[in-house]
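Asks:
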Amino acid sequence: MKITDIRLGMISVPLRVPFKTALRSVKSVEDVIVEIYTDTGAVGYGEAPPTGVITGDTTGSIIGAIRDHIVPTLIGKDVDEFEDLMKALNSCIVKNTSAKAAVDMALWDLYGQLYKIPVYKLMGGARKSITTDITISVNDPEEMARDAVNAIERGYDCLKVKVGKESEKDIERLWAIRQAVPKETLIRIDANQGWTPKEAVRILNGMQEKGLDIEFVEQPVKAHDFEGMKYVTERSYVPVLADESVFSPEDAVKIMQMGAADLVNIKLMKCGGLYNALKIVSAAEIYGVECMIGCMLEAKISVNAAVHLACAKKIITKIDLDGPVLCSEDPILGGSVFEEKIITVSDEPGLGIQGIEPGCIRYL
């Protein structure tokens with residue numbers, strides 16, 4: 010199975026409601042699609058969102074990295090030479106992790122199709138389904154409480170609440186939500202680098218003292234501040250999850266060795282795809298650090314790839330793959346089935362993506 014062509018396109022999928030964090034506000038998913046064609050007729054699908062404020066990757070940089078560096082590296086190569094393909098992909102250009110992730114998942118898709126096995130079984134096959142949380146965007150406390158109640162009515166029992174925008178108001182936001190939802194509802198919070206280390210300890214301990222019962226906090230401090238995150242981890246009543254701090258397996262290992270966080274978040278767009286994500290998983294298994302699998306705000310192709318990883322490995326115990334259910338429509342054919350909080354992986358070969366609804370992709 011030789012690679013004969015790589016095509017790029019764009020999809021635009023509106024969200025149900027605007028997605029607001031401490032770093033950005035988004036009304037629709039605007040992602041780059043990768044289609045890798047082969048001489049057997051098999052097609053592999055990948056996807057990358059431009060999240061410049063987090064990864065530094067824009068639409069233009071993703072397209073440029075793939076066209077100018079990745080395509081010339083891969084055309085004519087054999088999918089069966091998988092390890093060589095992955096090494097070539099990761100060495101042909103530095104950084105540009107979102108572009109690499111989109112191509113990486115398309116190659117895994119083809120590799121699974123070549124051997125007629127779903128990717129999650131190639132990687133371990135631990136389970137067939139997973140349960141995701143759903144994100145509550147940063148807004149006024151009353152609106153966030155309404156959004157939380159709506160999520161509970163849709164069947165969710167775990168909420169990921171965005172905070173960190175106005176530190177003094179964050180406790181009000183969490184209090185309003187906690188009062189509005191059933192007591193057994195899990196609430197995890199994402200500060201998106203919004204606090205200083207000392208501020209984070211004060212706020213988090215204040216939340217627990219008020220009985221807000223926070224499961225864990227995601228990235229309370231700046232991404233580069235490993236020492237600051239360690240400071241919070243050692244002093245906070247709330248467990249700490251490293252997110253934006255983890256851009257590579259090396260980052261993950263350093264955090265685990267330092268004890269800078271209690272948990273590590275794996276995002277394909279930050280680490281460069283499934284190949285590198287598996288290295289983080291292996292390190293986590295060695296150090297005994299549980300992982301969460303997350304997404305940036307992506308449509309189903311790339312989230313589907315993350316589902317395969319989550320269903321493959323038991324060390325991934327926390328699931329934050331709500332991107333497709335935040336969208337108001339789904340133009341992607343095949344792949345995992347998203348039924349609100351329950352996600353069931355496909356047993357079709359590869360990643361199971363069958364294509365994109367006609368008229369929903371604009372080829373570049």
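To convert, note that position 236 of the sequence shown is 245 in my numbering; the numbers rise steadily by one, no gaps. Cβ atoms here follow ideal geometry from the backbone N, Cα and C, with glycine treated the same way.
Nearest-angstrom Cα distance between residue 246 and residue 87?
Replies: Computed Cα separation, rounded: 51 Å.
Asks: Taking the runs of the beta strand (DSSP E) that are 3 residues or longer, which of them lie wholly in the segment 293-344?
Replies: As far as the segment 293-344 is concerned, its whole beta strand (DSSP E) runs of at least 3 residues are 300-303, 325-329, 341-343.
Asks: Here's a check: name, in chain order, each residue in its chain whose Cβ is nearer than 7 Å to the Cβ of residue 22, leaving out the five neighbours to either side.
Replies: Contacts found: 37, 38, 308, 336, 338, 340.
Asks: So, are the CB atoms of residue 78 and residue 45 less than 9 Å apart?
Replies: Cβ atoms of residue 78 and residue 45: not closer than 9 Å.
Asks: To the nearest angstrom, how far is it from the Cα of residue 360 to the Cα of residue 269?
Replies: Taking the straight line from one Cα to the other gives about 34 Å.
Asks: Given residue 371, which residues of its chain have a CB within under 7 Å of its CB, disregarding the five upstream and five downstream residues?
Replies: Once the five neighbours on either side are set aside, the close Cβ partners of residue 371 are 18, 19.
Asks: How about residue 14 and residue 285: are their beta carbons less than 9 Å apart?
Replies: No.
Asks: Between the segment 45-65 and the segment 275-289, do at least 3 Cβ pairs fall closer than 8 Å?
Replies: Output reads yes: the segment 275-289 touches the segment 45-65.
Asks: What's the C-alpha gap between residue 251 and residue 153?
Replies: Each residue's Cα considered, the two are about 24 Å apart.
Asks: How close, in whole Å, do the beta carbons of residue 271 and residue 249 come, if the pair is a contact with beta carbons under 8 Å?
Replies: Indeed, because the Cβ distance is near 5 Å, the residues count as touching under 8 Å.
Asks: Taking the alpha-carbon of residue 208 as reference, which of 191, 192, 315, 244 has the nearest alpha-carbon?
Replies: Minimum Cα distance to residue 208 is reached at 244.
Asks: Leaving aside the five residues before and after residue 167 along the sequence, list all residues of the same chain whose C-beta is less than 6 Å from its C-beta, in chain order.
Replies: Answer for residue 167: 142, 195, listed in chain order.
Asks: Would the segment 52-59 and the segment 110-124 be scored as touching if the rule is three or more Cβ pairs under 8 Å?
Replies: They touch, by the three-pair rule.
Asks: Where does residue 149 fall in DSSP's three states?
Replies: If DSSP states are grouped into helix, strand and coil, residue 149 belongs with coil.
Asks: Verify whether the separation of the beta carbon atoms of residue 200 and residue 230 is less than 9 Å.
Replies: For residue 200 and residue 230, yes; Cβs fall inside 9 Å.
Asks: For residue 156, which three-state DSSP category applies?
Replies: It is helical.
Asks: Would you identify the three-state DSSP class for residue 201, choosing helix, strand or coil?
Replies: Three-state result, residue 201: coil.
Asks: So is residue 373 buried or exposed if we call it buried at 16+ other beta carbons inside 10 Å?
Replies: With fewer than 16 other Cβ atoms within 10 Å, it is exposed.
Asks: Quick check on residue 275: does DSSP put it in helix, strand or coil?
Replies: If DSSP states are grouped into helix, strand and coil, residue 275 belongs with the strands.
Asks: Helix, strand or coil, according to DSSP, for residue 59 in the structure here?
Replies: DSSP places residue 59 in coil when its eight states are reduced to three.
Asks: Quick check on residue 356: buried or exposed, where buried means 16 or more other Cβ atoms within 10 Å of its Cβ?
Replies: Looking at its Cβ environment, which holds fewer than 16 other Cβ atoms inside 10 Å, residue 356 is exposed.
Asks: By a C-beta neighbour count over all protein chains shown, 10 Å radius and 16 as the cutoff for buried, is residue 216 buried or exposed?
Replies: Label assigned to residue 216: buried.
Asks: On the criterion of 16 or more Cβ atoms from any shown chain inside 10 Å, does residue 368 qualify as buried, or is it exposed?
Replies: Flag for residue 368 reads exposed.
Asks: By alpha-carbon positions, which one of 94, 155, 136, 71 ends up nearest to residue 144?
Replies: Among 94, 155, 136, 71, the Cα nearest to that of residue 144 belongs to 155.
Asks: If you follow the alpha helix (DSSP H) that residue 169 is in, where does it begin and where does it stop?
Replies: Looking at the DSSP string, residue 169 is not in any alpha helix (DSSP H); the run it does join, the beta strand (DSSP E), is 167-171.
Asks: Quick check on the burial criterion: 16 or more other C-beta atoms within 10 angstroms. Buried or exposed for residue 109?
Replies: It counts as buried.
Asks: Check residue 216 in the structure and name its three-state DSSP category.
Replies: In the structure shown, residue 216 sits in a helix (DSSP, three-state: H, G or I).
Asks: Would a C-beta distance cut-off of 9 Å place residue 111 and residue 311 closer than the cut-off?
Replies: It is a contact, given that the beta carbons lie within the stated cut-off.
Asks: Restricting to Cα atoms, I'd like to know which of 197, 234, 206, 240 is closest to residue 221.
Replies: With distances taken between Cα atoms, residue 221 lies closest to 197.
Asks: I'd like to know if the segment 173-190 and the segment 119-133 are in contact, where contact means that at least 3 CB-CB pairs between them fall below 8 Å.
Replies: With the cut-off at 8 Å, the segment 173-190 and the segment 119-133 do not touch.
Asks: Which term fits residue 1, buried or exposed, when burial requires 16 or more other beta carbons within 10 angstroms of its beta carbon?
Replies: There is simply no residue 1 to check, as the chain begins at 10 and stops at 373 in what is shown.
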